[in-house]
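**Q**
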Amino acid sequence: MKALMSLGALVGVAGLLLLGGMIFDVVPSTTVRLIEGYMPMQLLFEVGCYVLGFAGLSYVLNAMGMGIPRFWQGIGFWVFLMLYLKYRVYPPIPFSVRAMYGTVGLVTVFMWVSANEEDWRKFKQPILNVLDAQTGMNRLLRYAYLVLIPILVGGFSYNAMMPKSEEPIELRTVHPAPPASTKVHGKTYVLQTSQNPYRVNPEGKYDQEFTNANIVEQGMGRLMKPNANPWDDKNQGYLKYVREGGEIFFQNCHFCHGDNLNGRG
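So the sequence shown is residues 26 to 290, counted in our numbering.
1) On the DSSP bridge assignment, give the partners of LYS208 in chain order.
2) Can you tell me where the alpha helix (DSSP H) holding ASN87 begins and where it ends?
3) With a threshold of 16 other CB atoms inside 10 Å of the CB of ASN239, please say whether the residue is buried or exposed.
4) May I have a chain-ordered list of the alpha helix (DSSP H) segments no shorter than 4 residues that lie completely inside the region 81–165?
5) I'd like to know whether the C-beta atoms of PHE148 and PHE105 end up nearer to each other than 8 Å.
6) Within 10 angstroms of the Cβ of CYS278, are there 16 or more other Cβ atoms? Answer buried if so, exposed if not.
7) Rounded to whole angstroms, what is the Cα-Cα separation between THR213 and THR207?
8) Helix, strand or coil for VAL187 per DSSP?
9) Check for me: the alpha helix (DSSP H) holding GLN276 runs from which residue to which?
10) When you compare only the Cα positions, how much space is there between ASP157 and GLY99?
11) Please confirm if the region 222–232 is in contact with the region 258–268, defined as three or more CB-CB distances below 8 Å between the two stretches.
12) Give me the residue from GLY211, HIS210, LEU216 with the minimum Cα distance to MET204.
13) Suppose contacts are defined by Cβ-Cβ distances below 8 Å. Is LEU306 in contact with LEU44 by that definition?
14) Please name the residue in ILE176, THR55, PHE135, ASN254 whose C-alpha comes closest to that of PRO116.
15) How big is the Cα-Cα spacing for ALA34 and GLY101?
16) Let me know the secondary structure DSSP gives GLY244 once reduced to three states.
17) DSSP on TYR223, reduced to helix/strand/coil?
18) Whose C-beta lies closer than 7 Å to the C-beta of GLY246 among residues of the same chain, with five residues either side of it excluded?
19) I'd like to confirm the pairing. Which residues does DSSP put opposite MET249 in its beta bridges?
20) How long is the line joining the alpha carbons of GLU143 and SER83, rounded to whole angstroms?
21) What's the gap between the Cα of PHE12 and the Cα of LEU77?
22) Quick check on the burial criterion: 16 or more other C-beta atoms within 10 angstroms. Buried or exposed for THR236?
23) Strictly by DSSP, which residues pair up with TYR170?
24) Just the C-alpha distance for ASN163 and ARG58, rounded to the nearest angstrom, thanks.
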């Protein structure tokens, strides 16, 4: 058990050093890459590893007679959680989302410190000591809190309510909704009843069955069958237009839309 806790303490120290490097921009946040598609589970796993590491570190410090009070353990874990969300997660998440997670983390800390009567007594004892002000240091802290807390709350309220002279947000529509009809070279086309001029057979006639026979995902029309090679210069009709569309896409569009049309350009 002691060896396991010592190993956990080493993990906790290594994790704190890694996070500290990210905070001070010594270590990039991408050093430990987030796995695409598994990011939420990976972050939960990392936080779980940190919790186990902190438990081992707390065990070792208690064995050395240098235990951290329960009050500062709770405060420290909440601060760690906020720093983790700000400097570990990429791309950066908005402050409103961090505030939401921070609130959930604060509730979690209170549930942890109040899990039993002994832990709850240890957690609230420093607060009661400051309120009772039996010593000179606690009395000084109580006076400082009585002055600083109203100033901080008032400053935050003033900053939130003060009118700001900022330019209005300009909303840009990237892909507007298509119209019911459109005019091209003097001819009006009703889009809902028009036939796709590119889904034609080699003879140039509209043929949905021909195009469906060349694609794998007929519902989306993205993947071509192995025997359908749009890059063959001899192709006509639909396969020719697929080649031309691909050339246009990689010349003009893939910088933003990405090679796989997934928005990762």
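The C-beta atom is built at its ideal place from N, Cα and C for all residues, glycine as well.
**A** Considering the structure as presented:
1) LYS208 is bridged to THR213.
2) 64–88 is the extent of the alpha helix (DSSP H) around ASN87.
3) Under this definition ASN239 is a buried residue.
4) Those alpha helix (DSSP H) runs which fall completely within the region 81–165 and span 4+ residues are 95–112, 120–138, 142–157.
5) Cβ atoms of PHE148 and PHE105: not closer than 8 Å.
6) Classification of CYS278: exposed, given that the 10 Å Cβ count is below 16.
7) C-alpha separation (whole angstroms): 6 Å.
8) Rather than Val, the amino acid found at residue 187 in this sequence is Met. Here MET187 sits in coil by DSSP.
9) Where GLN276 is concerned, the enclosing alpha helix (DSSP H) stretches over 263–277.
10) The straight-line gap from Cα to Cα measures roughly 22 Å.
11) Flag = yes, the region 222–232 and the region 258–268 touch.
12) One detail in the question is off: residue 204 reads as Pro in this sequence, not Met. Nearest to PRO204 by alpha-carbon distance, out of GLY211, HIS210, LEU216, is LEU216.
13) Shown here, the chain extends from 26 to 290; a query on residue 306 therefore has no answer.
14) Comparing Cα positions, the closest option is THR55.
15) Rounded to the nearest whole angstrom, the CA to CA distance from ALA34 to GLY101 is 16 Å.
16) Only weak support is given to the placement of GLY244: the predicted model assigns it a pLDDT of 49, under 50, and the value that follows is read from those uncertain coordinates. Reduced to three states, the DSSP call for GLY244 is coil.
17) Looking at TYR223 - three-state DSSP - the assignment turns out to be coil, as it is neither helix nor strand.
18) Model confidence at GLY246 stands at a pLDDT of 45, short of 50, so the residue's coordinates are unreliable; what they give is reported in the following sentence. So the list reads ILE240, once near-sequence residues are dropped.
19) For MET249, DSSP records a beta bridge to ILE240.
20) A straight-line Cα-Cα distance of about 17 Å links GLU143 and SER83.
21) Since the displayed the chain opens at 26 and closes at 290, residue 12 lies outside it and no answer follows.
22) When all chains shown are included, THR236 counts as buried.
23) In the DSSP output, where bridge partners are listed per residue, TYR170 has none listed.
24) Just so you know, the alpha carbons of ASN163 and ARG58 end up roughly 46 Å apart.
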